[in-house]
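J.:
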Amino acid sequence: MSTTSFAARLGLSLSLTLPLIAGTVLASEGQDLVFQGDTSFQGPHGGQAIQAALVDTALDETIAVETGKVSAEDAPSFAFTFPGALEADGRYAVHYWIDANFGGGTAGNCDPMQHDHQWSVTIEPGDGPVTHTERHDPSTQSAVCDTFR
Numbered sequence: 568m569s570t571t572s573f574a575a576r577l578g579l580s581l582s583l584t585l586p587l588i589a590g591t592v593l594a595s596e597g598q599d600l601v602f603q604g605d606t607s608f609q610g611p612h613g614g615q616a617i618q619a620a621l622v623d624t625a626l627d628e629t630i631a632v633e634t635g636k637v638s639a640e641d642a643p644s645f646a647f648t649f650p651g652a653l654e655a656d657g658r659y660a661v662h663y664w665i666d667a668n669f670g671g672g673t674a675g676n677c678d679p680m681q682h683d684h685q686w687s688v689t690i691e692p693g694d695g696p697v698t699h700t701e702r703h704d705p706s707t708q709s710a711v712c713d714t715f716r
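Counting in the numbering used here, the sequence shown runs from 568 upward without gaps.
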């Protein structure tokens, strides 16, 4: 076998294989999620620490955790981006808590709901990037501290 024909066959083989590999990688990438809070969070929580976790509810696994601060002035009050995290057929929720320490609690720890506000929000994946904007509503709280331990 000559070197030229081997190199030509190897080149042809690679040119046929690479599009399959690239297509698989692109197909497995998910859509971005932006999870944000509107200005209704500013009065009760402006300046307080916030932590958010994207959870795969089908597998009961935490995909990613982000930390930030609730703005007392800017809109949105907070925003977290989870790039490429949502698959079209996936089931997701964002668990988040604000380190409020109303009437007790410990700074930096997710305390029971009477001290730190906590929520679980279902996220519906789409065909493209998803932006979900939350409104402050203490009546819809849900205990999520176990997600952050």
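Heads up, the beta-carbon is just placed ideally off N, CA and C, and yes, glycines get one too.
1. Taking DSSP as the reference, what is the three-state secondary structure of proline 650?
2. Do three or more CB pairs link the segment 641-659 to the segment 668-680 at distances below 8 angstroms?
3. Could you tell me whether the Cβ atoms of valine 697 and glutamine 598 are closer together than 8 angstroms?
4. Pull up the CB-CB distance for valine 622 and histidine 662, whole angstroms please, since I reckon it's below 8 angstroms.
5. Counting C-beta neighbours from all protein chains within 10 Å, is the total for glycine 604 16 or more, i.e. buried, or is it exposed?
6. For the beta strand (DSSP E) containing histidine 684, name the first residue and the last one.
7. Give the secondary structure of glycine 675 by DSSP, where H, G and I count as helix, E and B as strand, and everything else as coil.
8. If you reduce the DSSP assignment to three classes, tell me which class threonine 634 lands in.
9. At the level of alpha carbons, what is the spacing between phenylalanine 669 and proline 611?
10. Select from Gln618, Gly614 and Gly695 the residue whose C-alpha is nearest the C-alpha of threonine 714.
11. What are the partner residues of threonine 700, as DSSP defines its beta bridges?
12. Span of the alpha helix (DSSP H) holding glutamine 609?
13. Helix, strand or coil: how does DSSP classify aspartate 623 here?
14. Hey, how far is the Cα of alanine 631 from the Cα of phenylalanine 649?
T.: Judging by the given coordinates:
1. strand
2. They do not touch, by the three-pair rule.
3. yes
4. 6 angstroms
5. buried
6. 684-690
7. Here glycine 675 sits in coil by DSSP.
8. strand
9. 10 angstroms
10. Gln618
11. Gln603
12. 609-612
13. strand
14. 7 angstroms
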